[in-house]
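To keep things clear, I will list the structure first and then write my remarks on it.
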Amino acid sequence: MSNQSQWKTSTGFILASAGSAIGLGAMWKFPYMAGIYGGGAFLFLFLIFTIFVGLPLLIMEFTVGIMGRTYTTRIYSKLTGKKWLNIIGWNGNLAVFILFGFYSVIGGWIVIYIGNVFLQLLSVEHTSLTQIKFEKIISNPWLTVLGQGIFILLTMIIVMLGVEKGLEKASKIMMPLLFVFLIIVVAKSLTLDGALEGVRYILQPRIEDISVKGVLFALGQSFFTLSLGTTGMITYASYAPKEMTIKSSAISIVIMNILVSVLAGLAIFPALKTFGYAPQEGPGLLFKVLPLVFNQMGFGIVFYLIFLILFLFAALTSSISLLELNVSNFTKNDNTKRKAISVIASILVFIISIPATLSFSSLSGIKFGAGTIFDNMDFIVSNILMPLGALGTTLVVGQLLDKQALKESFGKDKFKLFVPWYILIKYMMPIIIILVFIVQLF
Ligand code: TRP
Numbered sequence: 000m001s002n003q004s005q006w007k008t009s010t011g012f013i014l015a016s017a018g019s020a021i022g023l024g025a026m027w028k029f030p031y032m033a034g035i036y037g038g039g040a041f042l043f044l045f046l047i048f049t050i051f052v053g054l055p056l057l058i059m060e061f062t063v064g065i066m067g068r069t070y071t072t073r074i075y076s077k078l079t080g081k082k083w084l085n086i087i088g089w090n091g092n093l094a095v096f097i098l099f100g101f102y103s104v105i106g107g108w109i110v111i112y113i114g115n116v117f118l119q120l121l122s123v124e125h126t127s128l129t130q131i132k133f134e135k136i137i138s139n140p141w142l143t144v145l146g147q148g149i150f151i152l153l154t155m156i157i158v159m160l161g162v163e164k165g166l167e168k169a170s171k172i173m174m175p176l177l178f179v180f181l182i183i184v185v186a187k188s189l190t191l192d193g194a195l196e197g198v199r200y201i202l203q204p205r206i207e208d209i210s211v212k213g214v215l216f217a218l219g220q221s222f223f224t225l226s227l228g229t230t231g232m233i234t235y236a237s238y239a240p241k242e243m244t245i246k247s248s249a250i251s252i253v254i255m256n257i258l259v260s261v262l263a264g265l266a267i268f269p270a271l272k273t274f275g276y277a278p279q280e281g282p283g284l285l286f287k288v289l290p291l292v293f294n295q296m297g298f299g300i301v302f303y304l305i306f307l308i309l310f311l312f313a314a315l316t317s318s319i320s321l322l323e324l325n326v327s328n329f330t331k332n333d334n335t336k337r338k339a340i341s342v343i344a345s346i347l348v349f350i351i352s353i354p355a356t357l358s359f360s361s362l363s364g365i366k367f368g369a370g371t372i373f374d375n376m377d378f379i380v381s382n383i384l385m386p387l388g389a390l391g392t393t394l395v396v397g398q399l400l401d402k403q404a405l406k407e408s409f410g411k412d413k414f415k416l417f418v419p420w421y422i423l424i425k426y427m428m429p430i431i432i433i434l435v436f437i438v439q440l441f
């Protein structure tokens, strides 16, 4: 995503924006959130929000990017003539900065697991994945800070060298491969004892499991997986090719995100009974359960290693775009400062990410607001800054932008979707988001 770049084709654009949007949100965060907030009930709410709130907002962000065609701390003033509205862009910038801070914690765990599995493979006696104990690994403050540092460093090097394009090309192979691996894990999981119970848990919505918190977190999850309100998707669209079709691109991203989320759920929940875990394990859920499932397969350790590398890849295609967003808002198309700003931003992210990592070890006792420091960083981003950013953009689009110009950027409209979409964005979305905010306060 270098500044001058424009993808030549719609497919290139979809690949890049899907790579950015699909990451830890669908694979790691969805299952653990669903485990805490009612399984099928959470999935049901998540689907409703993703389709009826997330999709129209994603289409809105793409439309704004195509109309504005510049970086997001300038795009709002360029479109409206009001300089102070750039604050929406800065809100997004702050969101991705904090987001990268806690994203790198999980990225760091993947790095450590890769190192661990690799060592297991090398040693002759210990070829069982049961040796990998989540608690033991994650409670080691030095190790986790190191893992996270490596994750941030990898991201920084890619952004500094400007080789994201190469990565996007690689994602053509890596992402489908990850998908195949997920299906293999699901297939294995489904054969385990008590699998049906897990399938029911995640697929069957039970009304009595719906809670106010579940509703709030399901909406936050939709924002998180679709990168809404962080201006990330606006940025991607601002580089998009002329002929790109906003609606079909948005729909593909939504479908892929839902598919990966459901598959991740189906990989994990059916296995819980066999391995004696409860759905409410929290952020460690995927890391605790999947090694045990792989362990049941022939060559499980090799498969698990490949899976982890693909998983790391998916996390990196998201984290580079998180860092890139911060960098491009400060370089403002002047690439001479690119290297220096990449390094400074990465160091700052590393500093704020340390308390997030330590939330799982030495600082685990510190709890306030939404929970640990890690939980609070996630809450501030997913439940406050992202909805705020989206609210700001809906207000700009609904109240300040010219309807006709919007219609042009919306593109060909075979199914006459513009008018209902516009009504939704102008009247309904602001009310929904503000309502959720009010509920959140109590
Ligand atoms: N959607 C990403 C995920 O699911 C996380 C994310 C949110 C993001 N906002 C972003 C990634 C902006 C890149 C840019 O993992």
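Quick note: the sequence shown, position 319, residue 318 per numbering that gives the first Met the number 0, numbers continuous.
All residues carry an ideal CB built from backbone N, CA and C; glycine is no exception.
Inter-residue CB distance, residue i and residue j (contact presumed, cutoff 8 Å)
i    : j    : result
K406 : Q220 : K406 to Q220, Cβ: 31 Å. No contact.
A20  : I252 : 5 Å
V435 : L215 : 6 Å
S318 : S103 : 7 Å
D208 : G38  : 7 Å
T71  : I201 : So it is not a contact: roughly 36 Å between Cβ atoms.
M174 : K338 : 28 Å between Cβ atoms; not a contact.
F268 : P278 : 7 Å
G228 : V95  : In fact, because the Cβ distance is near 10 Å, the residues do not count as touching under 8 Å.
According to DSSP, residues forming a beta bridge with residue i
i    : result
G370 : F367
Any non-hydrogen atom of the ligand TRP within 7 Å of residue i CB
i    : result
V63  : no
G21  : Checking the sequence, you will find Ile at residue 21 rather than Gly. Yes, since a heavy atom of the ligand TRP falls inside the 7 Å radius drawn around the Cβ of I21.
G18  : no
S226 : yes
G24  : yes
T515 : The chain is shown only over 0 to 441; residue 515 falls outside these bounds and no answer can be derived.
F223 : yes
S260 : no
T392 : no
S320 : yes
L84  : no
S317 : yes
V95  : yes
L98  : yes
T442 : For the chain, the structure presents residues 0 to 441; residue 442 sits outside this window and is missing.
L181 : no
L324 : yes
beta-carbon residue i near the ligand HEM non-hydrogen atom, thresh 7 Å
i    : result
I254 : As far as ligands go, the structure on display features the ligand TRP and does not contain the ligand HEM.
**OP:** Write down every uninterrupted run of the alpha helix (DSSP H) in the stretch 284-366 whose length is 4 residues or greater and which is fully enclosed by it, in chain order.
**Re:** 284-294, 299-330, 337-357, all fully within the stretch 284-366.
**OP:** Kindly confirm or deny that the stretch 25-41 and the stretch 182-194 touch, where touching means at least three C-beta pairs closer than 8 Å.
**Re:** no
Subject >> Uninterrupted beta strand (DSSP E) stretches inside the stretch 111-171 (no shorter than 3 residues) >> reply: none
**OP:** Evaluate the contact criterion for the stretch 388-406 versus the stretch 237-255: three or more CB pairs, one atom per stretch, below 8 Å.
**Re:** no
**OP:** Decide if the stretch 128-137 is in contact with the stretch 380-400; the criterion is three or more beta carbon pairs, one per stretch, under 8 Å apart.
**Re:** no
Original post:
Can at least three beta-carbon pairs, one atom from the stretch 342-353 and one from the stretch 153-162, be found at a separation below 8 Å?
Top reply: Contact holds: three or more Cβ-Cβ distances are below 8 Å.
Original post:
In chain order, which continuous runs of the alpha helix (DSSP H) of length 4 or greater are located wholly inside the stretch 209-283?
Top reply: Those alpha helix (DSSP H) runs which fall completely within the stretch 209-283 and span 4+ residues are 211-224, 231-237, 245-267, 271-274.
Subject >> the stretch 303-315 contacting the stretch 328-341, beta-carbon criterion three pairs below 8 Å >> reply: no
**OP:** Report yes or no: do the stretch 104-122 and the stretch 355-375 share at least 3 C-beta pairs separated by less than 8 Å?
**Re:** yes
Subject >> Given 8 Å, three or more beta-carbon pairs between the stretch 301-311 and the stretch 115-131 >> reply: Segments in contact, yes.
**OP:** Could you tell me whether the stretch 53-64 touches the stretch 371-384, where touching means 3 or more Cβ pairs closer than 8 Å?
**Re:** no
Subject >> Three CB pairs or more closer than 8 Å across the stretch 282-293 and the stretch 82-97 >> reply: no
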